[in-house]
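Everything below concerns the one structure shown next.
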Amino acid sequence: MRRVGSPKSRRALAPYCWVMPSVIVIVGVMGYAFAKGFSISLTKWNPFLNPTPVPVGLGNYVKLLSDPLFRHSVYVTVVFAAGSVGAEMLLGMAGALMVQKLRFLKGLVRTSMLIPMMLAPAIAGLIWKLFMDIDFGLLNYFLSLLGLPEIGWIADKTWVLPSVVLVDVWQWTPFVVLILLAGLQSLPPEPYEAAEIDGATRLQAFRYITLPLMKRVIVITLLFRTIFSLRAFDTIFLLARGGGPGQNALTLSMYLYERAYIPFHMGMAATASYIILIITLLITAVILGLTHGAGSTE
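Numbering follows our numbering, with no gaps: position 232 of the sequence shown is 955.
In structure tokens:
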């Protein structure tokens, strides 16, 4: 039997042939789930009250986008993501720079940073709910020791969203620190040695050497944390179920749970899920555009 192609071309195609069956299965499963979910979003369907889906076309999308509470949840989600991810990136970079400069106990510090991430979001939410209790919480106890007025962390509509952001920053800043620290440790020493000879300050070295070389790592970390923050649910659910006071912590995931899954409106739930997906893809596209720009400057 005659073989097609040269041995070199066959060797080049061999890895793709081994991977292709798995890729076909994954794409097939995901494609079916995507198509099935979209078809459900075009129906009015409660599996308990109305077992047979009733086609409504784009009615669910129109109804959802015209709901003021949904638009409010979009605003809350954007504020939550911007606040938490922004703080995590700033604190993460500062923490990575400090850990890099450590001479002793660096391994212990890196290991201890894993503790918040090792906690399940539900456990972290319960712990912080106790800390933020308006009467018996540890945070208000420390405020009283300092002579400061108590704060209704998750009981006050003004403080509920900042409180949720605080918990997210506490749990996921170590992740950013470790990723950025790995990036810092991979940087070549030669540019810094040349900058030191030229008399550059540490701030100048950070601005003109560290940031440009770290741009790709920073953008990828930003991408991951943004996607995760847009999907955040567990901790927010435990801290501010129902959106908290004034529904000021009603994120898109909470809206989806409260308005669609609890009353078993599967069509509306699928619609909300696809709108969340579209928002996530748009933000991801912007960040990937920044990644492409970062790659083109190197």
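Think of the CB as a built atom: it goes at the ideal place given N, C-alpha and C, for glycine as much as any other residue. Fair warning: this is a prediction, and the values are worked out from it, not measured in the lab.
Presumed contact (8 Å Cβ cut-off) between residue i and residue j, rounded CB distance
i, j, result
"V883", "A963", "5 Å"
"L936", "L910", "5 Å"
Residue i versus residue j: straight-line alpha-carbon distance, rounded
i, j, result
"I998", "R948", "19 Å"
"M977", "S789", "18 Å"
"W893", "V777", "45 Å"
"V748", "Y755", "11 Å"
"M724", "V752", "For M724, the pLDDT reaches just 46, beneath the cut-off of 50, and the residue's location in the model is therefore unreliable, although a value from the coordinates is still provided. Their backbone Cα atoms lie some 36 Å apart in a straight line."
"T933", "L849", "39 Å"
"L842", "G806", "22 Å"
"I985", "W741", "44 Å"
"F951", "R794", "20 Å"
"D891", "I877", "14 Å"
"P738", "V750", "18 Å"
"G969", "M836", "34 Å"
"A905", "I941", "11 Å"
"R826", "M840", "24 Å"
"N971", "L961", "14 Å"
"L946", "R939", "11 Å"
"I1010", "L1000", "15 Å"
"P912", "I1002", "40 Å"
"L828", "L889", "27 Å"
"K824", "Q908", "11 Å"
"P897", "E873", "28 Å"
Contacts around residue i, its chain only, beta-carbon distance under 6 Å, and the 5 residues preceding and following it disregarded
i, result
"T1020", "Annotation note: pLDDT 47 at T1020 (below 50); position unreliable, coordinate value reported separately. So the list is empty, once near-sequence residues are dropped."
"G818", "V900"
"G870", "none"
7 Å CB neighbourhood of residue i in its chain, flanking five on each side removed
i, result
"A993", "G760, I763 and S764"
"G875", "I857 and W882"
"T974", "S796, V799, T800, F803, A955 and I959"
As assigned by DSSP and simplified to three states, the class of residue i
i, result
"N773", "strand"
"P778", "strand"
"T924", "coil"
"K880", "coil"
"T766", "strand"
"R833", "helix"
"T800", "helix"
"F859", "coil"
"L825", "coil"
"M724", "Summary for M724: the model assigns pLDDT 46, below 50, so the residue's position carries little reliability; its value from the coordinates is reported in the next sentence. If DSSP states are grouped into helix, strand and coil, M724 belongs with coil."
"I1006", "helix"
"A905", "helix"
"H795", "helix"
"T1020", "Annotation note: pLDDT 47 at T1020 (below 50); position unreliable, no value reported."
"P738", "helix"
"P986", "coil"
"A817", "helix"
"D790", "coil"
"A972", "coil"
"G760", "helix"
"E873", "coil"
"G967", "coil"
The alpha helix (DSSP H) enclosing residue i, as first and last residue numbers
i, result
"I959", "D957 to L962"
"S909", "Note, S909: premise wrong, no alpha helix (DSSP H); not H, not E."
"A847", "P844 to F854"
"F951", "L934 to L953"
"S976", "L975 to L979"
Residue i CB to nearest heavy atom of the ligand FAD below 6 Å
i, result
"S762", "Ligands in the displayed structure: none, and consequently the ligand FAD is not present."
Nonlocal neighbours in the same chain, by C-beta distance under 8 Å from residue i, ignoring five residues either side
i, result
"K852", "I877, L961 and L962"
"M812", "V899, I941, T944, L945 and R948"
"G787", "Inspection of the sequence shows that residue 787 is occupied by Leu rather than by Gly. Excluding sequence neighbours, L787 sits near F793, M991, T994, A995 and I998."
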